[in-house]
Every structure is written in C-alpha cells, then in structure tokens.
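Participant: Below you'll find the structure I mean.
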Amino acid sequence: MTLTAEVARSQGALRTFLHGLPGVDQVGAEQRAAMLGTRSIKTTAKAQALDLAIRMVDLTTLEGSDTPGKVRALCAKAVRPDPADGTCPSAAAVCVYPAMIGVAAEALRGTGVHLASVATAFPSGQAPMAVKLADTKAAVADGADEIDMVISRGAFLAGRYAEVHDEIAAVKQACGDAHLKVILETGELATLDNVRRASWLAMLAGADFIKTSTGKVQPAATLPVTLVMLEAVRDFRAETGRIVGVKPAGGIRTAKDAIKYLVLVNETAGPDWLDPDLFRFGASTLLNDLLMQRTKLATGHYSGPDYFTLD
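Residue 400 in the working numbering sits at position 70 of the sequence shown; the count goes up by one each step and never skips.
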C-alpha cells in the first residue's frame, strides 16, 4: 500500500500522520528565511533571475470590477510583457475569475501562456461541495488548464482532515487534465505547524501545486511560510517520488522580493524547482517592477513610471 493510500484510509490515520510530522521551529524558520534573504545576486545571474521570475508570474486580476477589456489587456501583457523588447519572456499564466475564462481563453489561444481560474467559491470556500465541483468542471470546460482552489479552513482548523482531503481529491478528479493548485490560506492557519500539516494534506489528496494565499487575507505570502512549504514538497518527493509545485501569492511586489524567493527555492527544495512548472508567483503588480529592473540592467537607467502599463 502506498503512503497516500495508507494515510488516507481513515480520519484517524490522517490525524496520526499529520500530527506525527516534525514540529516547525518558528524562530529557526524565520532566521533561516531572513538569512537567505540577504544573499546578493549580481550582473549575469541577476539578469537570469529576473527573466526566470517573469516566466514564473501568474498575472492575476481577481476584482469585482474586472471587465473583458481589462482581462484582454492583461492577457496581452502576459504574452508580451515588454512590447519594445522581443527578448523578454512571457509570463507563466493569467489567473481570472470563472466569468472571465472565455475572454481570456480567446486572448491566450496559441500563445503558450496558461490560463488559470480560481474556483470552489473563492476566496472563502464556503459553498456546498456540489457547487464547488460544478464550479471546477465549468471552469475547465470553458478553457482553464489550471484551477486554483481554496481549502475549507474551518474544517481543517477543527481537525476534520478527512473532509478536507476528500474535498481536494474530488476537485482534483473534476479537474480532468487541468492542473490543481490548492490554496491553504496560510494567514488563517495561525501556526507554521499547521502550514506543514496542510501542505502534506493537500499533497496526499493529489494537489499539483500548493499555494499560500488568496491574496484577500493578511498576512499573505511570507518567506518563513514559503520555506515550510518548500521543505514539505522536498520531503514529499523523498517519501513518495512525486514532485509538487509551490506558489506564493499576495504581497510580492518587487524584483528584490522575487529574487529572495528564488534563493529560498534553490537552497531549500533545490534547483529542480527553479522552473515555472514547479514554482509560480501569484501577483498583479510584481511584473512591472521585474520589467523596470530588467530595463535598468540592460540600459543602465530606469524607465519612467508610466513606461509599462499599470495592472
């Protein structure tokens, strides 16, 4: 019997496994994340890091005021982030609400940029299971090839691990060929121990990615939280052989911050995760700063604040 099947066989087995995971030294995690954040990357390595970070961006708009025009403009920016520089890579994906999938799918067709959509009653997750599954199936049918779902934090915090596991597994099945990113909403999990448990729970249930946040709750992505999640995916691969991606989202706004995360990835999970297939940034404003820093590195001066489109 595989680890996944053995652990998921009952609520008791899940609880025993998750609470048997090594505890997280919060002070140690914070100190290590801070130390890695001081690493300096210069010249050629910095240029490569900026391009890699651009390729890892899930360019996101998740506002009630989103319009088809805004989504089309965002898609155009994801495909050609810097229209004046043909060497600038495309972003990884565009992430939108389900109502905008059709617009985004048409705009991204044939470009190679992925289309992600939040589903399962984002951001609260407070909807009946039938609604969540219908939401997921409709998003995939409309053209999304990546689904970002939210876990039921109330169920998790109440210790109903089997309920959360089975919900993730059912959504994964509803995704079909689409990749599933499972949002833990770490800002509501209270402790790094809970972040580790939620990470393992999501992976055991079939997540292709684990994601920090919806961006609607503070704190969102932080280096210590992402460190714990990276340790989890590293250890999960060692235990099962399966590789799961990580996506910090919310509050990552500068190229300097993005590079800190890339260093964290390399030093924690390893260079295999330095790939858009295994690491993403969920962001709406990060891309502009990456582009400004890229231009500065190439030309020696910053572009004006209105040189790149505002998102």
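Just so it is clear, CB atoms sit at the ideal spot from N, CA and C, and this is done for glycine as well. All values derive from a computational prediction rather than experimental measurement.
Looking only at DSSP bridge pairs, what is residue 613 linked to?
Facilitator: The residue given as residue 613 occupies position 283 in the sequence shown. In DSSP, residue 613 forms a bridge with 389.
Participant: With a cut-off of 8 Å on the beta carbons, I'd call residue 612 and residue 388 a contact; round off their distance for me.
Facilitator: Taking the sequence shown and counting its residues from 1, the one referred to as residue 612 is at position 282. Taking the sequence shown and counting its residues from 1, the one referred to as residue 388 is at position 58. Going by Cβ atoms, the distance from residue 612 to residue 388 rounds to 5 Å, so yes, they are a contact pair.
Participant: Starting from residue 479 and walking both ways along the beta strand (DSSP E), at which residues does that stretch end?
Facilitator: The residue labelled residue 479 in the question sits at position 149 within the sequence shown. 476-480 is the span of the beta strand (DSSP E), which, as asked, contains residue 479.
Participant: So, helix, strand or coil for residue 452, using DSSP?
Facilitator: Taking the first residue of the sequence shown as position 1, residue 452 is located at position 122. DSSP places residue 452 in coil when its eight states are reduced to three.
Participant: Just to confirm the assignment, what range does the beta strand (DSSP E) spanning residue 443 have?
Facilitator: Position 113 of the sequence shown, counting from 1, holds the residue named residue 443. No beta strand (DSSP E) contains residue 443, which DSSP labels as neither H nor E.
Participant: Does the structure place the region 474-482 close enough to the region 447-460 that three or more beta carbon pairs sit under 8 Å?
Facilitator: Contact between the region 447-460 and the region 474-482 is present, because at least three Cβ pairs lie under 8 Å.
Participant: Work out the CA separation of residue 342 and residue 604 for me, nearest whole Å.
Facilitator: Within the sequence shown, residue 604 is the residue found at index 274, counting from 1. Within the sequence shown, residue 342 is the residue found at index 12, counting from 1. Distance between the alpha carbons of residue 604 and residue 342 is about 36 Å.
Participant: For residue 629, count neighbouring Cβ atoms within 10 angstroms of its own Cβ and tell me buried if that reaches 16, exposed if not.
Facilitator: In the sequence shown, residue 629 corresponds to position 299, counting from 1. Under this definition residue 629 is an exposed residue.
Participant: Kindly indicate which residue of 575, 541, 595, 420 has the alpha-carbon position closest to the one of residue 385.
Facilitator: The residue labelled residue 385 in the question sits at position 55 within the sequence shown. Residue 385 has its Cα closest to that of 420, out of 575, 541, 595, 420.
Participant: Since residue 595 contacts residue 560 with CB under 8 Å, what's their CB separation in whole angstroms?
Facilitator: Taking the sequence shown and counting its residues from 1, the one referred to as residue 595 is at position 265. Taking the sequence shown and counting its residues from 1, the one referred to as residue 560 is at position 230. Going by Cβ atoms, the distance from residue 595 to residue 560 rounds to 6 Å, so yes, they are a contact pair.
Participant: Here's the rule I'm using: 16 or more other beta-carbon atoms within 10 Å means buried, otherwise exposed. How should residue 552 be labelled?
Facilitator: By 1-based counting over the sequence shown, the position of residue 552 is 222. Buried, by the Cβ-count rule.
Participant: Work out the CA separation of residue 523 and residue 530 for me, nearest whole Å.
Facilitator: Position 200 of the sequence shown, counted from the start, is the residue given in the question as residue 530. Position 193 of the sequence shown, counted from the start, is the residue given in the question as residue 523. Using only the alpha carbons, I get a separation of about 11 Å.
Participant: Among the residues of its own chain, which have a CB less than 7 Å from the CB of residue 581, if the five just before and after it don't count?
Facilitator: As a first step, residue 581 must be located in the sequence shown, where it is residue number 251. For residue 581, where only same-chain residues beyond five positions count, the Cβ hits under 7 Å are 550, 551.
Participant: With a 10 Å radius around its C-beta and 16 neighbouring C-beta atoms as the bar for buried, classify residue 458 as buried or exposed.
Facilitator: For the purposes of this step, residue 458 is taken as the residue at position 128 of the sequence shown. Residue 458 is exposed by the Cβ-count criterion.
Participant: Which whole runs of the alpha helix (DSSP H) in the region 577-632 are 4 residues long or more, in chain order?
Facilitator: DSSP runs (the alpha helix (DSSP H)) wholly in the region 577-632: 585-598, 616-629.
Participant: Quick one: give me the first and last residue of the beta strand (DSSP E) that residue 271 is part of.
Facilitator: This structure gives no information on residue 271, because the portion of the chain shown stretches from 331 to 641.
Participant: So the alpha helix (DSSP H) residue 501 belongs to, where does it begin and stop?
Facilitator: Position 171 of the sequence shown, counting from 1, holds the residue named residue 501. 491-505 is the span of the alpha helix (DSSP H), which, as asked, contains residue 501.
Participant: Where do the ends of the beta strand (DSSP E) carrying residue 431 lie?
Facilitator: Here residue 431 refers to the residue found at position 101 when the sequence shown is read from its first residue. Premise fails: residue 431 lies in the alpha helix (DSSP H), 431-438, not in any beta strand (DSSP E).
Participant: From the DSSP secondary-structure annotation, give me the bridge partner or partners of residue 511.
Facilitator: Within the sequence shown, residue 511 is the residue found at index 181, counting from 1. Answer is 478, 539, bridged to residue 511.
Participant: Between residue 383 and residue 585, which are expected to be in contact by the criterion C-beta below 8 Å, what is the C-beta distance as a whole number of angstroms?
Facilitator: Residue mapping note: residue 383 aligns to position 53 of the sequence shown, counting from 1. Residue mapping note: residue 585 aligns to position 255 of the sequence shown, counting from 1. Right, the Cβ-Cβ distance comes to about 7 Å (below 8 Å), so this counts as a contact.
Participant: Less than 9 Å between the C-beta atoms of residue 572 and residue 533, yes or no?
Facilitator: Reading the sequence shown from its first residue, position 242 is the one you call residue 572. Reading the sequence shown from its first residue, position 203 is the one you call residue 533. A contact, by the Cβ cut-off of 9 Å.
Participant: Report yes if the C-beta distance between residue 402 and residue 429 is below 9 Å; otherwise report no.
Facilitator: Taking the first residue of the sequence shown as 1, we reach residue 402 at position 72. Taking the first residue of the sequence shown as 1, we reach residue 429 at position 99. Against a cut-off of 9 Å, the Cβ pair of residue 429 and residue 402 comes out as no contact.
Participant: Report the partner residues of residue 575 according to the DSSP bridge assignment.
Facilitator: Taking the first residue of the sequence shown as position 1, residue 575 is located at position 245. Beta-bridge pairing links residue 575 to 539.
Participant: Could you check what DSSP says for residue 551 in three-state terms: helix, strand or coil?
Facilitator: Counting from one through the sequence shown, the residue named residue 551 turns up at place 221. Of the three classes helix, strand and coil, the one that applies to residue 551 here is coil, per DSSP.
Participant: CA-CA distance, residue 568 and residue 409?
Facilitator: By 1-based counting over the sequence shown, the position of residue 568 is 238. By 1-based counting over the sequence shown, the position of residue 409 is 79. Rounded to whole angstroms, residue 568 to residue 409 spans 35 Å at the Cα level.
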